[in-house]
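Numbering (my numbering), first residue to last: 2 to 320.
By construction, the Cβ of each residue, glycine as well, lies at the ideal position given by its N, Cα and C atoms.
In structure tokens:
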């Protein structure tokens, strides 16, 4: 339990990493960096259990030593090479050391409603992923008579869909806005409701891949959403709130899935569809919030340009 707790605390670096990437990069590049971030998380989740299982063949304690040494190396690299991404000028305003000029972020009265939509979508995405992992473990054992190793193998196949989404995310978002793509992905996840009504393991595997790929459509764009909505001073708080909401979905998922499965095998899937639809609708709220923020930013930049021009003109005509 202690090691699991430390792993949970270590996950607290995710919102900080997102804020760091946003502060040190251009908003136009956030799609690419968000994809890299999501891809690293997915690949780590995929190969981590395999590495741990292989190392445990040496001794059961060896994987813990390996993780400890790896963590120490990462700490040293961060200590030597990581610099503060958010610096301030003499007026206390955020400036950038890299990544181009700081984009003007106009004050937005709909900031927190947009953040709430991001949190709801994150909760939905994490819930449906954990719900699927929990329910399939029961369904695979009872309906398809899979042993634990086969269950794990089937679930790991779903990672392929998540990797594919992260690789194809950039080309797709040239034609579809990220928030709209996230909405479509969460609606696609609703196909999982078919699982209890078919008796075909291959079909179940593909439906599981559709669910995990659909959820990945949202998580691949999280950094982009935050970069386009949140002012620099609030990005750490906002990212923490969103990741906290996602973790809440991870906690609620197994609890709800296990209890609903006892009522009936189809009930966890019904709730998954409801939450997927809520998350998809929340993505439409994110889309509206980003559009509104971009309009405010454009107006603020125009006003700033006019003010600067007026000051320059006044300075040139003054004796």
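Taking a C-beta distance under 8 Å as the contact criterion, residue 190 and residue 215 qualify as a contact pair.
Annotation for residue 129: the continuous alpha helix (DSSP H) segment containing it runs 112-143. Secondary structure at residue 222: coil, using DSSP grouped into helix, strand and coil. In this model, residue 161 and residue 111 are separated by some 37 Å (Cα to Cα). In this structure, residue 288 sits away from residue 171, with a CB-CB distance that is not shorter than 8 Å. Residue 206 and residue 142 have their C-alpha atoms some 14 Å from each other. Residue state for residue 108 is assigned as coil, using DSSP reduced to three classes. Only exposed fits residue 271, as fewer than 16 other CB atoms lie within 10 angstroms of its CB.
According to the DSSP assignment, residue 263 belongs to the alpha helix (DSSP H) that extends over 236-264. The residues 192, 193, 195 and 196, in chain order, have a CB closer than 7 Å to that of residue 208 in the same chain once the five nearest residues on each side in sequence are set aside. The C-alpha of residue 246 lies about 10 Å from the C-alpha of residue 253. In this structure, residue 213 sits near residue 163, with a CB-CB distance shorter than 8 Å. In the structure shown, residue 188 adopts helical secondary structure according to DSSP, grouped into three states. When secondary structure is reduced to three states using DSSP, residue 176 falls in the coil class, being assigned neither helix nor strand. For residue 283, the three-state secondary structure derived from DSSP is helix. The Cβ atoms of residue 269 and residue 136 lie closer than 8 Å to each other. Taking a C-beta distance under 8 Å as the contact criterion, residue 298 and residue 106 qualify as a contact pair. Excluding five sequence positions before and after residue 158, the CB atoms of its chain that fall closer than 8 Å to its own CB belong to 206, 209 and 210, given in chain order. In summary, residue 225 is buried, with 16 or more beta-carbon neighbours lying within 10 Å of its beta-carbon over all protein chains present.
When DSSP states are grouped into helix, strand and coil, residue 164 belongs to the helix group. Under the DSSP assignment, residue 64 falls in the alpha helix (DSSP H) whose first and last residues are 63-82. Excluding its 5 nearest sequence neighbours in each direction, residue 264 has no C-beta neighbour in its own chain below 8 Å. Looking at 176, 179 and 294, the one whose alpha-carbon comes closest to that of residue 232 is 294. With respect to residue 290, residue 115 sits close: the two C-beta atoms are nearer than 8 Å. Excluding five sequence positions before and after residue 259, the CB atoms of its chain that fall closer than 7 Å to its own CB belong to 135, given in chain order.
Taking C-beta atoms as the reference points, residue 35 and residue 221 count as a pair closer than 8 Å. Apart from sequence neighbours up to five positions away, the residues of its chain that approach residue 179 with a beta-carbon distance below 6 Å are 222 and 225, ordered along the chain.
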